[in-house]
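In terms of the numbering used here, the sequence shown is residues -19 to 311.
Only one structure is covered here, and it is reproduced in the block below.
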Amino acid sequence: MIIHLKKSVSPEQAIQLAELHQSILLQGEFPTLITSSKVKTVDESLVPYAEAIFVTDTDIQLAGKQYIPTKRTIDFGGFAIGGNTNNALMITGPCSVESESQIEQCAELCVELGVKVLRAGAYKPRTSPYTFQGLGLEGLKLLDKMRTKHGLQIITEVRDSTHIEEVIEYADIVQIGAKAMYDQGILRKCAKTQKPVLLKRGFGTTLQEFVQAAEFVLSGGNFNVILCERGIRTFETKTRFTLDLCGVSWLKQYTNLPIILDPSHAIGYAYGVADLARACVAMGIDGLLIETHPNPKVAKSDAEQQLNFEEFRALHSSLGKVAEAVGYRLI
Ligand code: PEP
Ligand code: MN
């Protein structure tokens, strides 16, 4: 249940009420209490302080359309997605920052095509400890250089809570990877910044668990959350994962959060990325995350799925019309 308290309730009173009624307190325009969705009636002692009450079916509360039926807007400063914008945001770059020359070439590709957000990981959550683990802080500094030099926004991932402060400091958008989605240390820290957070769905995660992970960020005070479907594990082994487009429909129907799709990690092979990307955009979504590399064959991570620049240029030029056909604009 979500309870808007009257504006006359002081911050101290609101803290007391939150403790008394075992709820999370959100201090915003007006104080808001959030209890478990299992609570269906307001305690009588709370009634004099309550301005509005929202009974919810599940713990998808702040992200749910029962409470806020319209899609939330994420403002990146200069452009936005969600709300009434009908913008589909292109995000591209390599899986990992590997060197200055590699990331510079990717940044130049973004500038050439008018792509506003450069992606690349500095802390990589690899499946094997014996493979390239990312450049760490050095990688973040290279991304910072690209932002300054090319006027791009940077999205980079947080692998674990040891470097969360660094990533929040350097990134314009913080990516929480699929393997980190359940990490409450990360989620709670991301709640304390106002930077947009792109939360990837764990590959063995139900939609309910996925959106409840987002609730940790929202209920901690950061409403700038974007959901990212990146493929789930099924019985199929021919592709790396299975992109859950049915799940995307469900998220659109029941949540108020913008949704970005990542076909690169879903299929895991470059040959299918362009077709899938067009299918994603045709669903009317808020953005795409596509891995590109100047020379995918020598990429230090996710070599098989990254598009080379020619492939990306061709894909990019085909997406505008697809977006337009469903009332969106590729930005
Ligand atoms: C990535 O974006 O490079 C990545 C590691 O993605 P995921 O967390 O979805 O596996
Ligand atoms: Mn990758």
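By construction, the Cβ of each residue, glycine as well, lies at the ideal position given by its N, Cα and C atoms.
| query | result |
| --- | --- |
| When you get a sec, list the residues whose CB is within less than 5 Å of any heavy atom of the ligand MN, chain order please. | C75, D282 |
| Can you give me the C-alpha to C-alpha distance between H143 and G73, rounded to a whole angstrom? | 21 Å |
| What are the residues that DSSP puts in a beta bridge with S76? | G101 |
| If we call anything under 8 Å between Cβ atoms a contact, is A158 one with R139? | no |
| In whole angstroms, what separates the C-alpha of Q247 from that of Q192? | According to the sequence displayed, residue 247 carries Ile and not Gln. Straight-line Cα distance between these residues: approximately 25 Å. |
| When you measure from the CB of P105 to every non-hydrogen atom of the ligand PEP, does any distance come out below 7 Å? | yes |
| DSSP beta-bridge partners for K180? | C208 |
| How many angstroms separate the CA atom of V19 from the CA atom of P276? | 52 Å |
| Using 8 Å for Cβ pairs, my map puts G267 next to M70. What's the rounded Cβ distance? | 7 Å |
| Using the C-alpha atoms, what's the distance from V302 back to L241? | 15 Å |
| Does DSSP put H245 in a helix, a strand or coil? | helix |
| Compute every distance between the C-beta of E209 and the non-hydrogen atoms of the ligand PEP, then say whether any falls below 7 Å. | no |
| What is the rounded straight-line gap between the Cα of T50 and the Cα of V205? | 14 Å |
| Using a Cβ cut-off of 8 Å (strictly closer), state whether C170 contacts chain D. | The structure shown contains no chain D, having only a single protein chain. |
| Any heavy atom of the ligand PEP closer than 7 Å to the Cβ of E317? | What is shown of the chain runs -19 to 311, which leaves residue 317 out entirely. |
| Go through its chain and collect everything with a Cβ distance to K280's Cβ below 7 Å, but skip five positions before and after it. | S76, E78, F112 |
| For C170, does the count of other Cβ atoms within 10 angstroms reach 16, so buried, or fall short, so exposed? | buried |
| Hey, would you say the C-beta of K125 is under 7 Å away from at least one heavy atom of the ligand PEP? | no |
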